[in-house]
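A short worksheet on the structure shown next.
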Amino acid sequence: MEKARAAVFDGPGEPLRLESFPLPRPGSSQLLVRVRCSSICGSDLHTYQGRRQTPTPTILGHEILGEVIETGPGPPVRTLDGEAVGVGDRISWSIAASCGQCFFCRRSLSQKCERLFKYGHESLRPEHLFNGGLAEVCHLIAGTPVVSVPEGLPDEVACPANCATATVMAAMRAGGGCRGEIVLIQGAGMLGLTACAVARSRGASQIIVCDIDETRLKQAERFGASHCVAVGEGPEMLARTVMEISRGRGVDLALELSGAASAMAAAVPLLRTGGRYVLVGAVFPSSPLSLDPERVVRGWLQIRGVHNYAPEDLSAAVNFLEQHHTRFPFSELLTRTFPLSEVGRAFQYAVDSRALRVGIRP
Numbered sequence: 012m013e014k015a016r017a018a019v020f021d022g023p024g025e026p027l028r029l030e031s032f033p034l035p036r037p038g039s040s041q042l043l044v045r046v047r048c049s050s051i052c053g054s055d056l057h058t059y060q061g062r063r064q065t066p067t068p069t070i071l072g073h074e075i076l077g078e079v080i081e082t083g084p085g086p087p088v089r090t091l092d093g094e095a096v097g098v099g100d101r102i103s104w105s106i107a108a109s110c111g112q113c114f115f116c117r118r119s120l121s122q123k124c125e126r127l128f129k130y131g132h133e134s135l136r137p138e139h140l141f142n143g144g145l146a147e148v149c150h151l152i153a154g155t156p157v158v159s160v161p162e163g164l165p166d167e168v169a170c171p172a173n174c175a176t177a178t179v180m181a182a183m184r185a186g187g188g189c190r191g192e193i194v195l196i197q198g199a200g201m202l203g204l205t206a207c208a209v210a211r212s213r214g215a216s217q218i219i220v221c222d223i224d225e226t227r228l229k230q231a232e233r234f235g236a237s238h239c240v241a242v243g244e245g246p247e248m249l250a251r252t253v254m255e256i257s258r259g260r261g262v263d264l265a266l267e268l269s270g271a272a273s274a275m276a277a278a279v280p281l282l283r284t285g286g287r288y289v290l291v292g293a294v295f296p297s298s299p300l301s302l303d304p305e306r307v308v309r310g311w312l313q314i315r316g317v318h319n320y321a322p323e324d325l326s327a328a329v330n331f332l333e334q335h336h337t338r339f340p341f342s343e344l345l346t347r348t349f350p351l352s353e354v355g356r357a358f359q360y361a362v363d364s365r366a367l368r369v370g371i372r373p
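Below, the structure written as structure tokens:
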């Protein structure tokens, strides 16, 4: 029987080990995909370093781009646009597969399905070994939203679409648009830079980006930021910048993409009356956020959280990259690729260099 290799993660402090497993056969409404590229997301690094828990042993990696090598029996799997998926198609797919029938699926929250399956986050199981991106193949189960990747979109640009870009699209959707508005983006990592580009393309009047890393702030200018503020020494400069630009009113929309509790505490006072705040980055334990309920009530504030994303956000992500990847330097964000045989070096490089994205090409 044919076999394929995968990088198995046994836990923090343990080296990633290459192992070969029998090549699976896809069942009904399933696909077998050859992994063309998988990028190392920040959450992969958090898991690798022990800041985030995941069942082990597992195959990490959920930002995946692949080419279909086998389809299961029965009716064809269809993309979110309704097209039948066939062998040879270059596709991306949602980080999460849902059942479509549970309480949350019936209430338009399929991304929080009671039986949610998340690629790159599941333990190895005999019936589904290839469930992460750090492998030569990935086995897509039934209920996985799939999108075709346009021909003109390079692998390295499209690879983060099903995590970073789709998450930003979900955050912008939760925030309610930004045309003609002042937008505050906290964090100039992969999500923050993507959010800059999306806000600029959607007609934001001013885009304020803050981060503790001045190198990343310089990148933000190239992704559409109008004002970049270093906050390594505290939030005072950010507050002054916001109040000057907004004539004392505050920002219309703020996106928290850093995960820092201090960032969240700093942003709420900077929202205008009727302002919206979308929290995205707090995906690991942090300090509780102190919130003045009177400020929320009198200020008509809206505070929302976004975790995972809906299938429509994945479609929007690929469409956005197709239309704008040459307007903004997305091709520079994945700075280096490694073969699967050097996956340990890839993770160490990602940790040491603080690169926004590092890719694995099996």
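Taking the working numbering, the leading residue of the sequence shown gets 12, the next gets one more, and so forth.
Built from N, CA and C at the ideal position, the CB exists for glycine as well.
Could you tell me the boundaries of the alpha helix (DSSP H) in which Lys229 lies? 225-233
Is the Cβ-Cβ distance between Thr252 and Ile218 less than 9 Å? Their beta carbons are not under 9 Å apart, which means Thr252 does not touch Ile218 by this criterion.
If you follow the alpha helix (DSSP H) that Phe358 is part of, which residue opens it and which one closes it? 354-364
How about Val194 and Ala181: are their beta carbons less than 9 Å apart? No.
At the level of alpha carbons, what is the spacing between Glu81 and Cys149? Cys149 has its alpha-carbon roughly 11 Å from the corresponding atom of Glu81.
Three-state secondary structure assigned by DSSP to Leu268: coil
For Phe32, three-class secondary structure by DSSP: strand
Per DSSP, what kind of secondary structure is His57 in: helix, strand or coil? helix
Look at the alpha carbon of Arg62 and the alpha carbon of His132, and state the distance between them as a whole number of angstroms. 14 Å
Note the first and the last residue of the continuous beta strand (DSSP E) segment covering Thr348. In the DSSP assignment, Thr348 falls within the beta strand (DSSP E) that extends over 345-350.
Would you mind stating whether Arg306 and Leu312 have Cβ atoms separated by less than 9 Å? yes
Name the DSSP bridge partner or partners of Asp222? The partner list for Asp222 (beta bridge, DSSP) reads Ala241.
Identity of the residue in Glu162, Val96, Leu27 nearest His336 by Cα: Comparing Cα positions, the closest option is Glu162.
My output table needs one value for Asp263: the three-state DSSP class, helix, strand or coil. strand
What residue does the alpha helix (DSSP H) around Arg309 start on, and which one ends it? 304-309
Could you check whether the segment 248-263 touches the segment 225-232, counting it as contact only if at least three pairs of C-beta atoms, one from each stretch, sit closer than 8 Å? Output reads no: the segment 225-232 does not touch the segment 248-263.
Within the continuous beta strand (DSSP E) that includes Ser326, where are the two ends? Premise fails: Ser326 lies in the alpha helix (DSSP H), 322-335, not in any beta strand (DSSP E).
Short Cβ contact (9 Å threshold) for Ser342 with Glu167: yes
Determine whether the beta carbon atoms of Phe128 and Ser109 lie at a separation below 9 Å. yes
Three or more beta-carbon pairs under 8 Å between the segment 285-301 and the segment 321-329, yes or no? no
Check whether the Cβ atoms of Leu71 and Thr65 sit closer than 9 Å, and answer yes or no. Between Leu71 and Thr65, the gap from beta carbon to beta carbon is short of 9 Å.
Let me know if Ala95 comes out buried or exposed under the rule of 16 or more other beta-carbons within 10 Å of its beta-carbon. exposed
Which of helix, strand or coil does DSSP assign to Glu133? coil
Within the same chain, show all residues whose beta-carbon is closer than 8 Å to that of Gly191, passing over the 5 residues directly before and after it, in chain order. Gly214, Ala215, Ser216
Buried/exposed call for His318, threshold 16 Cβ in 10 Å: Looking at its Cβ environment, which holds fewer than 16 other Cβ atoms inside 10 Å, His318 is exposed.
Whether or not the segment 233-242 and the segment 82-90 are in contact is what I'm after, with contact meaning three or more pairs of Cβ atoms, one per stretch, closer than 8 Å; do they touch? no
Contacts around Ala15, its chain only, beta-carbon distance under 6 Å, and the 5 residues preceding and following it disregarded: Leu34, Glu147, Val148
Pairing CB atoms from the segment 238-249 with CB atoms from the segment 290-298, are three or more of them under 8 Å? no
Alpha carbon to alpha carbon, what distance is there between Gly24 and Ala199? 28 Å
Using DSSP's beta-bridge definition, name the partner residues of Gln112. Answer is none; Gln112 lacks a bridge partner.
My output table needs one value for Thr284: the three-state DSSP class, helix, strand or coil. strand
Under three-state DSSP, which class holds Arg211? helix
When the distance is taken between beta carbons, is Val354 closer than 9 Å to Leu27? yes
Where do the N-terminal and C-terminal ends of the alpha helix (DSSP H) with Glu167 fall, by residue? Residue range 166-169 is occupied by the alpha helix (DSSP H) that includes Glu167.
Comparing C-alpha positions only, which one of Thr178, Ala231, Pro280, Ala172 sits nearest to Leu264? Pro280
Straight-line CA distance for Phe339 to Ser119? 32 Å
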